[in-house]
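Peer 1: Next up is a structure, given as structure tokens.
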Amino acid sequence: MDKRGPYLGIVAPNNYELNPLLDSKAYVPDFSLPFIDFAGKSFRFGKILNQRVVIVMCGLGMVNAGVTTQLLVSLFRLHGVLHYGIAGHTDVASETGDVIIPKFWAHSGLWNWQRYGDGVDIELALESGGDYTRDIGYLQFSKYNNHSDNLLNRIWYQPEEIFPVTGTPEVREHIFWIPVDTSYLDLAHQLEDTKLPQCVNTTCLPRPPKVTIVDRGVSASIFVANAAYRAFLRSRFNATVLEMESAAVALICHQQSIPFIVIRSLSVGGGGSGVSNEANIFSSLAVQNSVDVLVKFVGLLPPQGNKLYQ
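Residue numbers for the sequence shown, in the UniProt record's numbering: 1 to 310.
As structure tokens, then:
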């Protein structure tokens with residue numbers, strides 16, 4: 001199968017997001033070998049709009065996403081990786097069903113938790129050895145107290161330790177904001193006028209969903225149903241979207257020098273539609289929007305025989 005490559009690797013978080021793509025008329029499975037099962041994963045082969053693709057479901061969270069993406073890029077010859085699915089929000093200007101494409105991703109769940117009593121100027125444990133830093137910033141729990149002593153102190157956000165394929169083995173680098181491939185972003189700007197559905201049966205959103213290129217998204221293995229923390233991520237990092245997998249996909253692709261892009265549709269919008277039980281009603285629409293934009297993006301890629309893919 002690898003001799004038929006290179007492929008566009010596509011990573012879906014779970015079955016809820018995977019199945020609409022597999023059921024899409026745009027996806028045609030390979031007739032001779034539609035899938036290979038390996039290491040607990042099914043790698044599905046086929047074409048989307050004449051682009052050869054290999055599609056895999058990673059599962060929930062950063063570990064699953066990282067392991068799956070590493071398997072994907074190690075096993076198969078790829079010219080790029082596309083990750084898609086649904087996500088949460090931090091921006092009140094966004095709306096359910098909007099498709100968000102960030103320029104940068106960061107893992108917002110790698111922390112150095114400071115001991116009680118230490119101030120912002122006190123060196124963190126292991127900071128002097130280069131393991132941790134105070135450059136990125138912190139969340140101070142004592143700002144959110146009940147007028148008593150708060151023993152939680154602060155968490156300091158940390159960059160990831162990485163080992164690029166182009167570097168010296170076991171010589172680490174650090175990165176917090178992982179950039180999406182610039183050529184993919186150029187193509188993504190052509191998606192911003194995409195017409196997306198507004199209604200599920202007779203229940204409609206206040207406005208049609210839209211595709212938006214934004215600065216930043218963040219990921220962590222934390223389901224954030226908390227408005228205060230979402231607002232903090234917006235104010236601290238200017239993040240528009242948050243979820244649980246994309247930064248892991250981004251980190252693996254960055255380390256392996258594989259172009260990547262992430263397409264995420266909001267299952268609950270920042271403004272809120274005003275419809276009771278909004279997430280349950282419109283999540284299927286959000287998933288379909290991410291798939292529709294994915295297919296349109298694939299259609300913008302250079303033809304499979306282009307020398308770019310040799």
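Ideal placement from N, C-alpha and C gives every residue a C-beta, glycine not left out. Predicted model only: the values in this text are computed from it and were never measured.
Quick one, which of G130, L151, G85, E95 has its alpha-carbon nearest Y116's?
Peer 2: For the purposes of this step, residue 116 is taken as residue 116 along the sequence shown, with counting starting at 1. Among G130, L151, G85, E95, the Cα nearest to that of Y116 belongs to L151.
Peer 1: Buried or exposed, going by whether 16 or more other CB atoms sit within 10 Å of the CB of K41?
Peer 2: For the purposes of this step, residue 41 is taken as the residue at position 41 of the sequence shown. So K41 ends up on the buried side.
Peer 1: With DSSP as the reference, label E192 as helix, strand or coil.
Peer 2: Within the sequence shown, residue 192 is the residue found at index 192, counting from 1. E192 falls in the coil class under three-state DSSP.
Peer 1: Helix, strand or coil: which one does DSSP assign to V63?
Peer 2: On the sequence shown, residue 63 is found 63 positions in, with the first residue counted as 1. DSSP places V63 in helix when its eight states are reduced to three.
Peer 1: Tell me the DSSP secondary structure of I281 in three-state form.
Peer 2: Taking the first residue of the sequence shown as position 1, residue 281 is located at position 281. Note: I281 maps to helix in three-state DSSP.
Peer 1: So the alpha helix (DSSP H) residue 318 belongs to, where does it begin and stop?
Peer 2: Outside the displayed span of the chain (1 to 310) sits residue 318, for which this structure offers no information.
Peer 1: Helix, strand or coil, according to DSSP, for Y309 in the structure here?
Peer 2: Mapped onto the sequence shown, residue 309 falls at position 309. Low confidence applies here, because Y309 scores a pLDDT of 49, under 50, leaving its location unreliable and the question unanswered by this model.
Peer 1: Straight-line CA distance for T69 to R154?
Peer 2: Stepping through the sequence shown from its first residue, residue 69 is reached at position 69. Stepping through the sequence shown from its first residue, residue 154 is reached at position 154. Whole-angstrom Cα-Cα distance: 32 Å.
Peer 1: Can you tell me where the alpha helix (DSSP H) holding A247 begins and where it ends?
Peer 2: Position 247 of the sequence shown holds residue 247. Its alpha helix (DSSP H) spans residues 246 to 255.
Peer 1: Looking at the C-beta of Y16, does it have a partner C-beta in chain C at a distance below 8 Å?
Peer 2: Absent from the structure: chain C. Only one protein chain is present.
Peer 1: Just tell me which of E95, G80, I10, D37 has its CA closest to the CA of P197.
Peer 2: Here residue 197 refers to the residue found at position 197 when the sequence shown is read from its first residue. With distances taken between Cα atoms, P197 lies closest to E95.
Peer 1: Residues in the same chain with beta-carbon distance under 6 Å from A220, minus the five sequence neighbours each way, listed in chain order, please.
Peer 2: In the sequence shown, counting from the first residue as 1, residue 220 sits at position 220. The answer, listed in chain order, is S108, G109.
Peer 1: List the DSSP bridge partners of A12.
Peer 2: As a first step, residue 12 is located in the sequence shown; it is residue number 12 there, counting from the start. A12 is bridged to M57.
Peer 1: I think I55 touches V211, with their Cβ atoms under 8 Å apart; what is that distance to the nearest whole Å?
Peer 2: For the purposes of this step, residue 55 is taken as residue 55 along the sequence shown, with counting starting at 1. For the purposes of this step, residue 211 is taken as residue 211 along the sequence shown, with counting starting at 1. Not really, about 21 Å apart at Cβ, beyond 8 Å.
Peer 1: To the nearest angstrom, report how far apart Q310 and E123 are at their CA atoms.
Peer 2: Numbered from its first residue, the sequence shown carries residue 310 at position 310. Numbered from its first residue, the sequence shown carries residue 123 at position 123. Here the model assigns Q310 a pLDDT of 49, short of 50, so the residue's position is not dependable, and the following value carries that caveat. One C-alpha to the other measures close to 49 Å.
Peer 1: Tell me the DSSP secondary structure of residue 311 in three-state form.
Peer 2: Because the chain here runs from 1 to 310, residue 311 falls outside it and cannot be looked at.
Peer 1: For the segment 13 to 21 against the segment 289 to 305, do three or more pairs of beta-carbon atoms, one drawn from each stretch, fall closer than 8 Å, so that the two count as touching?
Peer 2: Cβ pair count under 8 Å is three or more, so yes.
Peer 1: Pairs of beta-carbons, one from the segment 243 to 253 and one from the segment 132 to 147, closer than 8 Å: are there three or more?
Peer 2: Too few Cβ pairs lie closer than 8 Å, so no.
Peer 1: Take S183 as the anchor and find which of T90, I258, P13, I36 has the nearest alpha-carbon.
Peer 2: Within the sequence shown, numbered from 1, the residue matching residue 183 stands at position 183. Ranking T90, I258, P13, I36 by Cα distance to S183 puts I258 first.
Peer 1: Taking the beta strand (DSSP E) that Y138 belongs to, which residues open and close that run?
Peer 2: Looking up residue 138 in the sequence shown gives position 138. It spans 138 to 140 - the beta strand (DSSP E) in which Y138 sits, taken as one unbroken run.
Peer 1: Residues in the same chain with beta-carbon distance under 8 Å from E170, minus the five sequence neighbours each way, listed in chain order, please.
Peer 2: Locating residue 170 in the sequence shown gives position 170, counting from the first residue. Hits under 8 Å: F163.
Peer 1: Hey, out of E243, A286, Q190, whose CA is closest to L301's CA?
Peer 2: Looking up residue 301 in the sequence shown gives position 301. For the residues E243, A286, Q190, the minimum Cα distance to L301 belongs to Q190.
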